[in-house]
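Colleague: Under our numbering, the first residue of the sequence shown is numbered 12, with each subsequent residue one higher.
There's a structure below that I have some questions on.
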Amino acid sequence: MWCGWVRKGEQPPWIVPDSLWERIEPLLPKVERRKRHAGRKRLDDRKVLCGILFVLHTGIRWEFLPQELGFGSGMTCWRRLAEWHAAGVWERLHRLLLEELHAAGQVDWSRAVIDSSHVRALKGGPKTGSSPVDRGRPGSKHHILTDGHGTPLALTLTGGNRNDVTQLLPLLDKVPPIRGRVGRPRSRPKRLLADRGYDHDKYRRLLWQRGVKPVIARRGTGHGSGLGVHRYVVERTIGLLHWFRRLRIRWEVRDDIHEAFMTLAAAIICWRRLVR
Numbered sequence: 012m013w014c015g016w017v018r019k020g021e022q023p024p025w026i027v028p029d030s031l032w033e034r035i036e037p038l039l040p041k042v043e044r045r046k047r048h049a050g051r052k053r054l055d056d057r058k059v060l061c062g063i064l065f066v067l068h069t070g071i072r073w074e075f076l077p078q079e080l081g082f083g084s085g086m087t088c089w090r091r092l093a094e095w096h097a098a099g100v101w102e103r104l105h106r107l108l109l110e111e112l113h114a115a116g117q118v119d120w121s122r123a124v125i126d127s128s129h130v131r132a133l134k135g136g137p138k139t140g141s142s143p144v145d146r147g148r149p150g151s152k153h154h155i156l157t158d159g160h161g162t163p164l165a166l167t168l169t170g171g172n173r174n175d176v177t178q179l180l181p182l183l184d185k186v187p188p189i190r191g192r193v194g195r196p197r198s199r200p201k202r203l204l205a206d207r208g209y210d211h212d213k214y215r216r217l218l219w220q221r222g223v224k225p226v227i228a229r230r231g232t233g234h235g236s237g238l239g240v241h242r243y244v245v246e247r248t249i250g251l252l253h254w255f256r257r258l259r260i261r262w263e264v265r266d267d268i269h270e271a272f273m274t275l276a277a278a279i280i281c282w283r284r285l286v287r
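Below you can see the structure in the form of structure tokens.
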């Protein structure tokens, strides 16, 4: 069953490989079971993570998670996702993988690229707004900052009516200090590339104050600035992010659950770059 999601002979993407589990398991909070109370044994964390990844990859609703897969119920996976997100597991995993990429010399700090993508929010909820590109329907925006290779460094979620430039500094400040090589941890690129949606002299000054050179296209000028040669990497990464079907449309009313999916997806993209 479910063979239509993968090619013949390939392992389904929601099955957690040993190399990924070795990085995730130490980050999970330890839960001690009380011996006094009888009841069903807590489902194995690795199986639950497979269930979470199944929902992330296929976009299936939680209540429709197939029981024959052995990943537990959709509610169990939902609760564990929320629990681990609140404990900061996905952010620490993302940072750990960035440090490994940095140690391997695979993070390009010479430039960073920023962009956003709109998704529909069919059930509304926090961090949604009337979308100017979807007839005023509720929507959200995925804002992402990548390095020069397209590796996701930071992500934020806002309402669909928020201006892109409002997330420029929050994204830059959200990049954690990345260790892994000799010297001080890195968290600032040398340059920041952005399209006309981020054209504002105030933010250029603030970027200079942070030691980052702004390379932002100006409004009213024709195409051909040359930024597209370098900016395509962030568009490619947004495509990789939305390859996870659960992120193409925001089904979650709770914004923290959707943000958990976003951070987990970014960590998986980093892990795939690392093992590649």
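Backbone N, C-alpha and C define an ideal beta-carbon position, used for all residues, glycine too.
The structure presented is a predicted model; accordingly, all values stated were derived computationally and were not measured.
#1: According to DSSP, what are the bridge partners of Thr-167?
#2: Indicate whether Lys-152 and Val-264 have their beta-carbon atoms separated by less than 8 Å.
#3: I'd like the list of long-range same chain contacts for Arg-284, defined as Cβ closer than 7 Å, with 5 residues on each side in sequence excluded.
#4: Are Lys-185 and Ala-205 touching if we call contact CB-CB under 8 Å?
#5: Could you give the DSSP three-state label for Pro-196: helix, strand or coil?
#6: How is Gly-222 classed by DSSP in three states: helix, strand or coil?
#7: Quick one: using the 10 Å Cβ neighbour count with 16 as the cut-off for buried, is Tyr-243 buried or exposed?
#8: If we count Cβ pairs, one from each stretch, closer than 8 Å, do we get three or more for the stretch 258-277 versus the stretch 87-103?
#9: If you follow the alpha helix (DSSP H) that Ser-142 is part of, which residue opens it and which one closes it?
#10: Return the bridge partner residues of Pro-149 from the DSSP annotation.
#11: In three-state DSSP terms, what is Arg-216?
#12: Can you list, in chain order, the residues of its chain whose CB lies under 6 Å from that of Val-226, leaving out five sequence neighbours each side?
#13: From what residue to what residue does the beta strand (DSSP E) around Val-176 run?
#14: In chain order, what residues of the same chain lie with their CB nearer than 8 Å to the CB of Arg-122, ignoring the 5 residues before and after it?
#15: Would you report the Cα separation of His-129 and Gly-170, rounded to the nearest angstrom?
#16: Going by CA-CA distance only, name the one from His-154, Pro-28 and Arg-91 that's closest to Val-245.
#17: Note down, in chain order, each residue of its chain lying with its Cβ closer than 7 Å to the Cβ of Cys-14, except the 5 sequence neighbours on either side.
Modeller: With the structure as the only source:
#1: Sequence index remark: in the sequence shown, residue 167 carries index 156 (1-based). According to DSSP, Thr-167 bridges with His-154.
#2: Locating residue 152 in the sequence shown gives position 141, where the first residue counts as 1. Locating residue 264 in the sequence shown gives position 253, where the first residue counts as 1. A distance of 8 Å or more separates the beta carbons of Lys-152 and Val-264.
#3: As a first step, residue 284 is located in the sequence shown; it is residue number 273 there, counting from the start. Around Arg-284: Leu-112, Gln-117 and Thr-162.
#4: The residue given as residue 185 occupies position 174 in the sequence shown. The residue given as residue 205 occupies position 194 in the sequence shown. No; because the gap between Cβ atoms is not below 8 Å, this pair is not in contact.
#5: The count along the sequence shown starts at 1 and reaches residue 196 at position 185. Looking at Pro-196 - three-state DSSP - the assignment turns out to be coil, as it is neither helix nor strand.
#6: Indexing the sequence shown from 1 puts residue 222 at position 211. The answer is coil: DSSP assigns Gly-222 none of H, G, I, E or B.
#7: Within the sequence shown, numbered from 1, the residue matching residue 243 stands at position 232. Under this definition Tyr-243 is an exposed residue.
#8: Here the stretch 258-277 makes contact with the stretch 87-103; the two share three or more CB pairs at distances below 8 Å.
#9: In the sequence shown, the residue the question calls residue 142 occupies position 131. In this chain, Ser-142 is not harboured by any alpha helix (DSSP H), its DSSP state being neither H nor E.
#10: Within the sequence shown, numbered from 1, the residue matching residue 149 stands at position 138. Ser-141, per the DSSP bridge assignment.
#11: Taking the first residue of the sequence shown as position 1, residue 216 is located at position 205. Of the three classes helix, strand and coil, the one that applies to Arg-216 here is helix, per DSSP.
#12: In the sequence shown, residue 226 corresponds to position 215, counting from 1. Closer than 6 Å at Cβ, skipping near neighbours: Arg-202 and Leu-204.
#13: Within the sequence shown, the letter at position 165 stands for residue 176. In this chain, Val-176 is not harboured by any beta strand (DSSP E), its DSSP state being neither H nor E.
#14: Taking the first residue of the sequence shown as 1, we reach residue 122 at position 111. If we look at Arg-122 and ignore the five residues flanking it on each side, its Cβ neighbours are Asp-158, Gly-159, Pro-200, Lys-201, Arg-202, Leu-203, Leu-204, Val-226 and His-241.
#15: Position 118 of the sequence shown, counting from 1, holds the residue named residue 129. Position 159 of the sequence shown, counting from 1, holds the residue named residue 170. Those two C-alpha atoms are separated by around 9 Å.
#16: The residue labelled residue 245 in the question sits at position 234 within the sequence shown. When only C-alpha atoms are compared, the closest one is His-154.
#17: Walking along the sequence shown from the start, residue 14 turns up at place 3. Note on Cys-14: pLDDT 45, under 50, position unreliable in the model; the coordinate value appears next. Excluding residues within five positions, none has a Cβ falling inside 7 Å.
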